[in-house]
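I have placed the structure first, in the form of C-alpha cells, so that the comments after it can refer back to it.
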Amino acid sequence: MRTFLDMGGYAAFVWPSYAVTLAVVVLNVMWARRALARSRAAARRRLSARLETA
Amino acid sequence: MSWTWLHRFASPPYVYALATRLTPWFAWPATLLIVGGLYGGLVLAPPDYQQGDGFRIIYVHAPSAWMSLMVYTTMAAAAAVGLIWRIKVAHAVAASCAPIGASFTFAALVTGALWGEPMWGTYWEWDPRLTSELVLLFLYLGYMGLRAGIEDTQRADRASALLAVVGVVNVPIIHYSVTWWNSLHQAPSVMRLAKPTMPPAMLVPLLMMLLGFTLYFVAVLLVRLRGEVLGRERAASWIREVLSA
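Protein sequences appear in the order of chains Y and D.
With positions in the first sequence counted from 1, the corresponding number in our numbering is that position plus 357.
For the second sequence, counting from 1, position 161 maps to 147 in our numbering; every step adds exactly one.
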C-alpha cells in the first residue's frame, strides 16, 4: 500500500492529477443537475405566471 | 431514402423525452469503464521504463485532452447546424457543451503541467501544443462570456455559434501541433494510423478511460440539454406534462 501511494516517487504529481480530473468529472455531474433543476424551476414559475394572467 | 425521421431531432418535446430516457444508458457504462480504467491504469499497468509510475498521469491527462477537443468539435458542429438550419435544439446542444469542454480543457492543462514538471523540468512552456490548448480554454470562456452577456437567447445563440464555428480552426492546430512544430510534448502514441506504441496492459486501460469519458460526456450533455431546451420554450403545452412528471 505504501509503495502504491508513493507512485515510485511521483506521488506529488500523480495524485493531484487524478484529484483534479475526478473533481472535474464529479463537478460536471453536479453542475448539470443543478442547471436542469433551475430550468425546471424557472419553467414552473413561467407556467404559473401564465395561469394567473389567463 | 427519406430524411424526414431526422426532423424529430429538431422537436423540443421529442428531444427532451429522448434525453431523459437515454441518460442512464450512457451514464452506467461510462461509470463502469472509468472505474475499470482507473484500476487498470493505477494498479494493473506496469510502470513505464522511462517515466516510472509518473506516466500514469496519462490515464487522466489524455482523456481530459481528448474531451477538450471532442467537445469543442461537437459544439462547433451543433452551432453550425443551428446557424444554417435555424434549429433551436442544435443551439441548445452547443450551449450545453461549453461548460463541460471548458472544465476538461482546464483539467488537461493542469494535469499536463503536473506531468511536465517531473518529465521536462517545467510546469509550463510557451510551446505550440500547450499554447494552442490554452487558446482553446479562452475560446470556451469567450463563448460562455458572450452568451452570458446577451440577454436575448436567440441573439446569444447566433452570436456565440459564430464564435464557436470560427474557433474550430484551433482544433486541428492543437492536434497536429506536435507534428508540425518541434514540441516538448510527445508525439501521439494512440491516435495514429500505425500501430499504437504501447503494450496492451498500458493501452487497454487508456482506451477504457477514453471511451468512458466519451460516454460520460454524452450523459452530462443530455442532462444539460434538457435544461437548455426547457429554457428556450415559452408557451408549449408539453412543458406542463414534463414538469408534472
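All C-beta atoms in this analysis are idealised placements derived from N, C-alpha and C, irrespective of residue type, glycine included.
All figures in this text were calculated on a predicted structure; none of them were measured in a lab.
Interface residues of chain D facing residue i [CB-CB closer than 7 Å]
| i | result |
| --- | --- |
| residue 378/Y | 46, 50, 93 and 97 |
| residue 392/Y | 210 and 213 |
DSSP bridge partner residues for residue i (one or two, in chain order)
| i | result |
| --- | --- |
| residue 39/D | Partner(s): none; residue 39/D has no beta bridge. |
| residue 34/D | 38/D |
Neighbouring residues, chain Y, relative to residue i (Cβ below 9 Å)
| i | result |
| --- | --- |
| residue 43/D | 367, 370, 371, 374 and 375 |
| residue 202/D | 382, 385 and 386 |
| residue 229/D | 397, 400, 401 and 404 |
Opening and closing residue of the alpha helix (DSSP H) in which residue i lies
| i | result |
| --- | --- |
| residue 188/D | 186 to 217 |
| residue 375/Y | 368 to 410 |
| residue 0/D | -2 to 25 |
| residue 49/D | 44 to 71 |
| residue 232/D | Absent from the model: residue 232/D. The displayed extent of chain D is -13 to 231, so no value can be given. |
| residue 105/D | 74 to 106 |
| residue -6/D | Where residue -6/D is concerned, there is no enclosing alpha helix (DSSP H), given that its DSSP letter is neither H nor E. |
| residue 162/D | 156 to 166 |
| residue -11/D | It is not in any alpha helix (DSSP H) - residue -11/D carries neither H nor E in the DSSP assignment. |
| residue 224/D | 224 to 230 |
| residue 28/D | Premise fails: residue 28/D is in no alpha helix (DSSP H) and is neither H nor E. |
| residue 362/Y | 359 to 363 |
Pick from the options that is closest to residue i, judged by C-alpha positions
| i | options | result |
| --- | --- | --- |
| residue 57/D | 73/D, 176/D, 105/D and 153/D | 153/D |
| residue 167/D | 79/D, 116/D and 143/D | 116/D |
| residue 114/D | -7/D, 156/D, 197/D and 191/D | 156/D |
| residue 96/D | 379/Y, 399/Y, 402/Y and 383/Y | 379/Y |
| residue 159/D | 211/D, -2/D, 0/D and 122/D | 122/D |
| residue 206/D | 6/D, -2/D, -1/D and 193/D | 6/D |
| residue 92/D | 105/D, 49/D and 174/D | 49/D |
| residue 32/D | 230/D, 71/D and 189/D | 189/D |
| residue 360/Y | 38/D, 82/D and 169/D | 38/D |
| residue 112/D | -11/D, 163/D, 219/D and 11/D | 163/D |
| residue 78/D | 89/D, 62/D and 88/D | 62/D |
Beta-carbon neighbours of residue i, restricted to chain Y and to distances below 7 Å
| i | result |
| --- | --- |
| residue 15/D | Chain Y residues near residue 15/D: none, gap ~15 Å exceeds 7 Å. |
| residue 39/D | 364, 365, 367 and 371 |
| residue 206/D | 385, 386 and 389 |
Proximal residues of chain D, C-beta to C-beta of residue i below 9 Å
| i | result |
| --- | --- |
| residue 396/Y | 212, 213, 214, 215, 216 and 217 |
Chain Y contact residues for residue i, given Cβ-Cβ distances below 8 Å
| i | result |
| --- | --- |
| residue 226/D | 404 |
> Between the region 86 to 116 of chain D and chain Y, which residues of the former have CB atoms less than 8 Å from a CB of the latter, in chain order?
Replying inline: Answer set for the region 86 to 116 of chain D: 86, 89, 90, 92, 93, 96, 97, 100, 101, 103 and 104.
> Just by C-beta distance, which residues in the region 398 to 409 of chain Y are closer than 9 Å to chain D?
Replying inline: So the list reads 399, 400, 401, 403, 404 and 407, given in the order they occur along the chain.
> What are the residues of the region 146 to 170 of chain D that lie near chain Y, defined by any Cβ-Cβ distance shorter than 8 Å?
Replying inline: Contact annotation: in the region 146 to 170 of chain D, no residue has its CB less than 8 Å from a CB in chain Y.
> Name the residues in the region 19 to 39 of chain D whose C-beta lies less than 7 Å from a C-beta of chain Y; which are they?
Replying inline: The region 19 to 39 of chain D vs chain Y, Cβ under 7 Å: 33, 38 and 39.
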